[in-house]
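Sequences listed follow chains A and B, in order. Read the first sequence against this note's numbering and you will find it ends at 198, with the numbers running on by one and no gaps. Read the second sequence against this note's numbering and you will find it ends at 162, with the numbers running on by one and no gaps. Since the structure comes first, as structure tokens, the remarks are kept for the end.
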Amino acid sequence: MPGPTLFFSTLMSDEAKSIARGLQKRDPDLLDRLIEQYQYRLFRYLVYISGNKERAEDFFQETWIRVLERGHQYDGKSKFEAWLFAIARHLVIDWQRSKKPQSLDSLTDPEQDHPLQVANENEPSPLHRVLTREREENVQFSLETIPAIYREVLVLRFQEELQIEEMAGVLSIPVSTVKSRLYRGLNALRGALQGGPA
Amino acid sequence: MTAELHARAEQLIAQERIEAISRAEREWLSAHLQECARCTELARQTDQALRSMHTAAIPFPSGLGSRTQFRVRLRAQELREREPRHRLMWITCGLSWALGVATAPYVWRIFEWVGQHTGAPKILLQLSFGLWWAIPALIAGAVMLIENARQANASGWQEQDR
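In structure tokens, the structure reads:
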């Protein structure tokens with residue numbers, strides 16, 4: 001049934017283009033609307049990848065400032081949220097790099113000894129503090145034990161419902177790597193749920 | 001049941017949720033799940049985990065949205081105020097470049113005249129002439145660097161807050 005699919009994809013692409021036009025003009029009303037529309041999803045994503053609620057608040061504000069400043073770079077060809085998450089992610093990685101001088105590759109390569117562990121400073125498990133406060137389900141707690149690099153793909157896929165191709169754009173990695181991280185992440189989540197090693 | 005069958009079922013359970021599986025694979029998995037309590041439990045746990053992730057509640061801090069909107073509006077205003085200055089700078093650079101091109105033969109004659117009177121080597125004259133041409137670009141570059149440094153200072157929230 002291509003009819004409704006085509007209709008919705010045209011509708012989405014029209015919306016993305018209208019966002020792109022508004023961002024080119026730095027339309028403040030559009031930005032207000034976007035902040036309201038995406039605030040929960042962006043904040044949740046930032047909490048999961050930064051592992052700290054207070055820091056996520058800072059990243060949240062800075063992400064929107066970047067959206068304003070670099071809005072002209074969004075062409076409306078991809079989903080706005082994918083571009084938004086990519087900006088947020090780069091901010092977190094930049095901050096992480098400024099804290100720990102390592103190459104970006106070593107931070108993002110899951111095969112390395114130190115995969116993206118943005119929350120791993122001297123503090124005792126910051127995500128734990130965030131999640132224990134709001135722990136309603138065992139799964140959220142289990143997510144804490146999963147390496148951030150896998151937690152991130154799980155969040156993008158199963159919370160934010162991004163397509164694998166969109167995730168590849170956000171993470172700047174090949175589709176095949178996204179898939180392999182998803183499999184490992186899902187395995188790790190199941191392991192964590194069963195109380196085994198992630 | 002062999003370990004390979006369980007491993008295949010486990011792989012298909014994950015694959016079905018991440019990408020897609022073929023009809024034949026789905027039929028095989030469904031038949032396997034009817035017979036295997038362990039894999040059925042795994043599929044149930046996986047679904048439950050993903051469902052819970054989907055509905056995970058992380059409360060949004062009150063006031064963060066409006067604080068952000070306020071900051072974004074302030075920054076937008078700042079950028080709008082800077083725009084005419086930037087435009088003026090680019091127009092000035094363009095004009096100075098155009099004038100440079102138009103007056104190049106005369107300026108070169110002046111350089112030659114200075115060279116004849118001071119006895120400066122030709123290479124020095126050529127370098128000076130090149131530098132004279134590059135001055136607008138150098139000024140524009142310097143202004144942009146200063147501007148960027150100012151922007152970085154303005155958004156130095158990360159260092160201040162931590």
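The C-beta atom is built at its ideal place from N, Cα and C for all residues, glycine as well. What you are looking at is a predicted structure, and each value in this text was computed from that prediction instead of being measured.
| Query | Result |
| --- | --- |
| Sub-8 Å separation of A/L193 and A/S142 beta-carbons | yes |
| Environment of A/D199 [buried if 16+ CB atoms lie within 10 Å] | A query on residue 199 of chain A cannot be resolved here, the shown segment of chain A reaching from 1 to 198 and no further. |
| Residues, ordered as in the chain, of the segment 160 to 179 of chain A that lie near chain B by beta-carbon distance below 9 Å | E161, I164, K179 |
| Closest residue to B/Q126 among B/Q15, B/P61, B/R85, B/F111 (Cα-Cα distance) | B/F111 |
| B/T2, enclosing alpha helix (DSSP H) - first and last residue | Careful: B/T2 lies outside any alpha helix (DSSP H) and carries neither H nor E. |
| Continuous alpha helix (DSSP H) stretch holding B/H54: start and end | 37 to 54 |
| Nonlocal neighbours in the same chain, by C-beta distance under 8 Å from A/V92, ignoring five residues either side | L46, I49, S50, F59, V118 |
| The alpha helix (DSSP H) enclosing B/H117, as first and last residue numbers | 64 to 118 |
| Rounded straight-line distance, which links the Cα of A/L30 to that of B/A9 | 48 Å |
| For B/K122, the three-state DSSP class (helix, strand or coil) | helix |
| Span separating the alpha-carbon of B/Q45 from that of B/A14 | 11 Å |
| Three or more C-beta pairs below 8 Å linking the segment 60 to 79 of chain B and the segment 144 to 161 of chain A | no |
| Range of the contiguous alpha helix (DSSP H) that encloses A/Q163 | A/Q163 -> no alpha helix (DSSP H), and no H or E assigned at all. |
| Whole-number beta carbon distance between A/E166 and A/S98, since they are thought to touch under 8 Å | Going by Cβ atoms, the distance from A/S98 to A/E166 rounds to 28 Å, so no, they are not a contact pair. |
| Own chain residues within Cβ distance below 7 Å of B/A149, not counting five before or after | none |
| B/I22 - DSSP class collapsed to helix/strand/coil | First, the amino acid is wrong: residue 22 of chain B is Ser here, not Ile. DSSP places B/S22 in coil when its eight states are reduced to three. |
| 8 Å Cβ cutoff met for B/V72 and A/I65 | yes |
| Own chain, CB closer than 8 Å to B/H6, minus 5 neighbours either side, in chain order | C36, R38, C39 |
| Beta-carbon gap between B/W132 and B/V101 smaller than 8 Å | no |
| Residue interval of the alpha helix (DSSP H) (run including A/N187) | 175 to 193 |
| Assigned exposure category for A/E144 - 16 Cβ within 10 Å defines buried | buried |
| Any C-beta of chain A under 8 Å from that of B/M53 | yes |
| C-beta neighbour in chain A for B/F60, strict 8 Å | yes |
| Buried or exposed by the 16-neighbour rule on C-beta atoms within 10 Å, applied to A/S103 | For A/S103, the pLDDT reaches just 41, beneath the cut-off of 50, and the residue's location in the model is therefore unreliable, although a value from the coordinates is still provided. Flag for A/S103 reads exposed. |
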